[in-house]
Amino acid sequence: MSTIAESLPCPIYPVGPSILRAPDNGESARDEEHRRWLDAQPENSVLYVSFGSFVAMPPKQFEEIAVGLRDSAVRFFWVARDRATAGLREMCGDKGLAVPWCDQQEVLRHPSVGGFLSHCGWNSVLEAVCAGVPVIGFPVAWDQLVNARMVADEWKTGINLRQQSGEDGIVSRAALSDAARKLMNLDSGAGQEMRRRAAQLREASRGAVIEGGSSHRSLSGFLEDLVEGKLEVAESSA
1 MSTIAESLPC PIYPVGPSIL RAPDNGESAR DEEHRRWLDA QPENSVLYVS FGSFVAMPPK
61 QFEEIAVGLR DSAVRFFWVA RDRATAGLRE MCGDKGLAVP WCDQQEVLRH PSVGGFLSHC
121 GWNSVLEAVC AGVPVIGFPV AWDQLVNARM VADEWKTGIN LRQQSGEDGI VSRAALSDAA
181 RKLMNLDSGA GQEMRRRAAQ LREASRGAVI EGGSSHRSLS GFLEDLVEGK LEVAESSA
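Residue numbers (the UniProt record's numbering): 1 to 238.
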């Protein structure tokens, strides 16, 4: 941020992470089913799987992921579109639950969830940070590629599976299975280190938004400068 501030003629007010909680409108029967299943699993034993709503997964890649999860023997909670959930139940065996929708923030914060297999959209990355959950990045397009590299290479809170894709762009079931076991193994040094760093990021994100934190100070400073007339508002040319 200091480099950006030095290069711009205007003040910078960094604010974040900006994660909002939706109001509780009551539990549906489907929500309660999710909770019962998660409540029955051991702590940090479930890999939450979601690839967002906008990019469709090629059928070949979808199959490799499903079989890789089955072969890993890791418990999983997979959110997929309605038409895919029935096939997932057949391919993945009895170690997981496949559903068409869930409250992602609630699931990530559940004690049984110990990892997140994600497309690494920015909202999902921030939600994982705030929950302190390490990530297996499976980016498909756009900023997801950069986000996955940041998770694995900069923050060191996860694994970037895109780096293991073959010439055809497909990540194999073996690579997926190995990554799932590595991340979810609570006794391995690598898994413990990613979990430790994810917990550090969670505490840093919480500290930023509480009163006196960096985000709180930035927003307060912006409002003070605005009220005191220290900021120039550019006129629209439209």
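The beta-carbon is built from N, C-alpha and C at its ideal position, and this holds for glycine as well.
Is the distance from the Cβ of Val-140 to the Cβ of His-119 below 8 Å?
-> The sequence position of residue 140 within the sequence shown is 140, counting from 1. The sequence position of residue 119 within the sequence shown is 119, counting from 1. Using a Cβ distance threshold of 8 Å, Val-140 and His-119 count as a contacting pair.
Specify, as a first and last residue, the run of the beta strand (DSSP E) that Ala-75 falls within.
-> Within the sequence shown, the letter at position 75 stands for residue 75. The identity of residue 75 in the sequence shown is Arg, whereas the question assumes Ala. Where Arg-75 is concerned, the enclosing beta strand (DSSP E) starts and stops at 75-79.
Pro-17 versus Asp-71: straight-line alpha-carbon distance, rounded = Mapped onto the sequence shown, residue 17 falls at position 17. Mapped onto the sequence shown, residue 71 falls at position 71. Put simply, the backbone Cα of Pro-17 is about 36 Å away from that of Asp-71.
Leaving aside the five residues before and after Asp-94 along the sequence, list all residues of the same chain whose C-beta is less than 8 Å from its C-beta, in chain order.
-> The residue you call residue 94 lines up with position 94 of the sequence shown. Annotation for Asp-94: no residue places its beta carbon closer than 8 Å to its own, counting only its chain and skipping 5 residues before and after.
If you run the structure through DSSP and keep just helix, strand and coil, what is Gly-213?
-> One-based indexing of the sequence shown puts residue 213 at position 213. Reduced to three states, the DSSP call for Gly-213 is coil.
Contacts around Glu-6, its chain only, beta-carbon distance under 6 Å, and the 5 residues preceding and following it disregarded | Taking the first residue of the sequence shown as position 1, residue 6 is located at position 6. Answer for Glu-6: no residue qualifies.
Do Phe-76 and Val-55 have their CB atoms nearer than 8 Å?
-> Reading the sequence shown from its first residue, position 76 is the one you call residue 76. Reading the sequence shown from its first residue, position 55 is the one you call residue 55. No, the pair does not count as a contact, with Cβ atoms beyond the cut-off.
Locate the alpha helix (DSSP H) running through Asn-147, then write down its first and last residues.
-> By 1-based counting over the sequence shown, the position of residue 147 is 147. Per DSSP, Asn-147 is one residue of the alpha helix (DSSP H) stretching across 144-149.
Would you give the residue range spanned by the beta strand (DSSP E) that Ile-19 belongs to?
-> Sequence index remark: in the sequence shown, residue 19 carries index 19 (1-based). For Ile-19, no beta strand (DSSP E) run applies, since DSSP gives it neither H nor E.
Within the same chain, show all residues whose beta-carbon is closer than 8 Å to that of Ile-170, passing over the 5 residues directly before and after it, in chain order.
-> In the sequence shown, the residue the question calls residue 170 occupies position 170. Taken in chain order, the residues that qualify are Pro-58, Lys-60, Gln-61 and Glu-64.
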